[in-house]
Amino acid sequence: MKIVIVGGGLGGLSAAVSLAKHGAEVKVFEKNEHFGGKMMAVDEKGYHFDFGPNTITMPEVFYDVIRQSGMNPHKSLPMVKLTHHTRNQFSDGTYFDFSTDAAYMKEQLKAVDPKGFENYNRFLEEIRRLYQLSRKHFLHRTFSGWKDYFSLSLASSMSKVRPLESLDHFFRKYFDHPGVIQALNRYSTYVGSSPYDTPATFAMIAHLELGEGVYYVRGGNTKIAERFVEAAETSGAELYNNQRVVKILTEGQRAKGVLLESGEVEEADYVIVNGDLLQAVPDLIENDRRKKLSDQKINSFDPSISAFVIMAGLDTRLDELKHHHVLFSRNYEREFEQLKRGEYADDPTIYICTSSKTDPSVSPYGDNCFLLINAPAGGSSSKKDLEAYKQHIYKRLNEAGLPIQNHIKVERVVSPEDIETKFGAYRGSLYGPSSNRRHQAFMRPFNKSQDIENLYFCGGSTHPGGGSPMVVLSGQNVANEILGKLVHIE
Numbered sequence: 001m002k003i004v005i006v007g008g009g010l011g012g013l014s015a016a017v018s019l020a021k022h023g024a025e026v027k028v029f030e031k032n033e034h035f036g037g038k039m040m041a042v043d044e045k046g047y048h049f050d051f052g053p054n055t056i057t058m059p060e061v062f063y064d065v066i067r068q069s070g071m072n073p074h075k076s077l078p079m080v081k082l083t084h085h086t087r088n089q090f091s092d093g094t095y096f097d098f099s100t101d102a103a104y105m106k107e108q109l110k111a112v113d114p115k116g117f118e119n120y121n122r123f124l125e126e127i128r129r130l131y132q133l134s135r136k137h138f139l140h141r142t143f144s145g146w147k148d149y150f151s152l153s154l155a156s157s158m159s160k161v162r163p164l165e166s167l168d169h170f171f172r173k174y175f176d177h178p179g180v181i182q183a184l185n186r187y188s189t190y191v192g193s194s195p196y197d198t199p200a201t202f203a204m205i206a207h208l209e210l211g212e213g214v215y216y217v218r219g220g221n222t223k224i225a226e227r228f229v230e231a232a233e234t235s236g237a238e239l240y241n242n243q244r245v246v247k248i249l250t251e252g253q254r255a256k257g258v259l260l261e262s263g264e265v266e267e268a269d270y271v272i273v274n275g276d277l278l279q280a281v282p283d284l285i286e287n288d289r290r291k292k293l294s295d296q297k298i299n300s301f302d303p304s305i306s307a308f309v310i311m312a313g314l315d316t317r318l319d320e321l322k323h324h325h326v327l328f329s330r331n332y333e334r335e336f337e338q339l340k341r342g343e344y345a346d347d348p349t350i351y352i353c354t355s356s357k358t359d360p361s362v363s364p365y366g367d368n369c370f371l372l373i374n375a376p377a378g379g380s381s382s383k384k385d386l387e388a389y390k391q392h393i394y395k396r397l398n399e400a401g402l403p404i405q406n407h408i409k410v411e412r413v414v415s416p417e418d419i420e421t422k423f424g425a426y427r428g429s430l431y432g433p434s435s436n437r438r439h440q441a442f443m444r445p446f447n448k449s450q451d452i453e454n455l456y457f458c459g460g461s462t463h464p465g466g467g468s469p470m471v472v473l474s475g476q477n478v479a480n481e482i483l484g485k486l487v488h489i490e
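full-length UniProt numbering numbers the first residue of the sequence shown as 1 and each following residue consecutively.
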């Protein structure tokens, strides 16, 4: 059984491991030099940066893929749990640290948010419930068509995960302190959306960070992609980088293979597309061959937010910075209103990841600051505009007591346009469709093509959603679906 996977991101690699281990002949074609998609290492003059993701949760999802190949996951991918993992710094200079230590969290809340202090245990119980329901009924399910939604157990579960309540409204029921609410609302950006529109279901992300934990991989989080490559090859998959697929070849309602940029044809019994399907599908399949996912349908999707990124290698270590550090805007709601209008926020929230705080070996000469600022998808900015915005960011940081610009030795800037070009991301969005609209949050594009019967999709733009663990699960779900069909045929 021949299977071609278009795109060597985490979803494609995850699927490759499972399929190859079960005897399928698997070939993965990746257009870039590196495998791992947005999980890309950037190394500049002795400074290492993880382009993404910087926050790792659900480590067992990654370990499970590696374990399937026969490798020892804990030896090949050593992770460190960060107990006090994120410093949330507010515009008035105060801060609130996020931690999996509930006693520490309650101690902080007691001083600034009596309501939050009283409610914290109940809050933890509720976000755990949301996560457990999602995990049981949603995360491991492959959505191949509308029939997969017509399940009594799924419908019952959906009604219990607060689909009609916004994330912001949910958090305000438990907390009063504006800064604490703002920090919790930031979890909406993990799916590229606004907390004032995103369903409260996504409060389950808070459970992952405050209940289960935030992790870091020794040597950099991009070691996950490296180990996935090793696991796929160990399992028998063939991986090809710098090989762009330009077309999925079809006959009737079936895919019969792919056409490479070199002109070579690779035949296949199944094709899996691992990428932003809102961009990949129009690039790979002619419009008249995909009536259920036509250009008109694709253009109806609201894209998730993008990012303006600065990677800055410093000549010193700033004691003020933590591994994960967030400098919040004065008005979070205004920030998202500007993003929704396609504008860069004039007072943006700035996320800073400095992994050298945990692992000095990745940046021996000074701190490696990865700065991510929410940016609108689909816009275009001149070099002059981007330079001005960068200087604006540095000024904000300096005013907040974080003089990063004064110590820069190495710098690289990545715009939304760069993200679109490098990763084939729809309009530069980070997570495919946003979760601002409820039907997009819960009814993302299917894992199986509705037009071509042996074509499947995995990645952050399809089920179960954005974020590295979800992308890995999407690859596993698709692989299991195909393997189930093969067993049935046999």
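Built from N, CA and C at the ideal position, the CB exists for glycine as well. Model, not experiment: these values are computed from the prediction.
Does residue 398 pass the burial test, meaning 16 or more other C-beta atoms within 10 Å, or should it be called exposed?
exposed
I'd like to know if residue 13 contacts chain D, where contact means its C-beta is closer than 8 Å to some C-beta of that chain.
Among the chains in the structure shown there is no chain D, since it carries only a single protein chain.
Can you tell me the Cα-Cα spacing of residue 323 and residue 350, whole angstroms?
14 Å
Going by DSSP in three states, residue 400 sits in which element: helix, strand or coil?
coil
Three-state secondary structure (DSSP) of residue 344:
coil
Buried or exposed for residue 391, going by 16 or more other Cβ atoms inside 10 Å?
exposed
Express the C-alpha separation of residue 380 and residue 463 in angstroms, rounding to a whole number.
29 Å
Using the Cα positions of residue 434 and residue 445, report the straight-line distance between them to the nearest angstrom.
12 Å
For residue 320, collect the residues of the same chain with a Cβ closer than 8 Å to its Cβ; drop the 5 residues on either side in sequence, then sort them by chain order.
401 and 402
Using only the alpha-carbon positions, how far apart do residue 344 and residue 416 sit?
11 Å
Candidates 374, 48 and 331: which alpha carbon is nearest residue 366's?
48
Along the chain, where does the alpha helix (DSSP H) that runs through residue 123 open and close?
114-134
Could you give the distance in angstroms between the alpha-carbon of residue 117 and the alpha-carbon of residue 335?
28 Å
Spatial distance of residue 413 from residue 253 (CA atoms):
44 Å
Just reading off the beta strand (DSSP E) that residue 208 is part of, what are its end residues?
Segment: none, residue 208 is in no beta strand (DSSP E) and carries neither H nor E.
Express the C-alpha separation of residue 293 and residue 459 in angstroms, rounding to a whole number.
16 Å
Count the other CB atoms, across all protein chains shown, that sit within 10 Å of the CB of residue 140; report buried if there are 16 or more and exposed otherwise.
exposed
Name the two residues that bound the continuous beta strand (DSSP E) containing residue 98.
95-99
Here's the rule: buried if 16 or more other CB atoms are within 10 angstroms of the residue's CB, otherwise exposed. What is residue 251?
exposed
DSSP bridge partner residues for residue 351 (one or two, in chain order)
326 and 372
Reducing DSSP to helix, strand and coil, say where residue 470 ends up.
helix
Would you kindly check if the distance between the Cβ of residue 52 and the Cβ of residue 548 is under 8 Å?
No statement about residue 548 is possible, as the shown extent of the chain runs from 1 to 490 and does not include it.
Using three-state DSSP, classify residue 109 as helix, strand or coil.
helix
Residues in its own chain within less than 6 Å of residue 84 by CB, not counting five upstream and five downstream?
97 and 99
Mind reading off the beta-carbon distance from residue 274 to residue 9? Whole number of angstroms is fine, and I expect it under 8 Å.
5 Å
Supposed close pair residue 373, residue 393 - CB separation, criterion 8 Å:
6 Å
Under the three-state reduction of DSSP, which class applies to residue 255: helix, strand or coil?
strand
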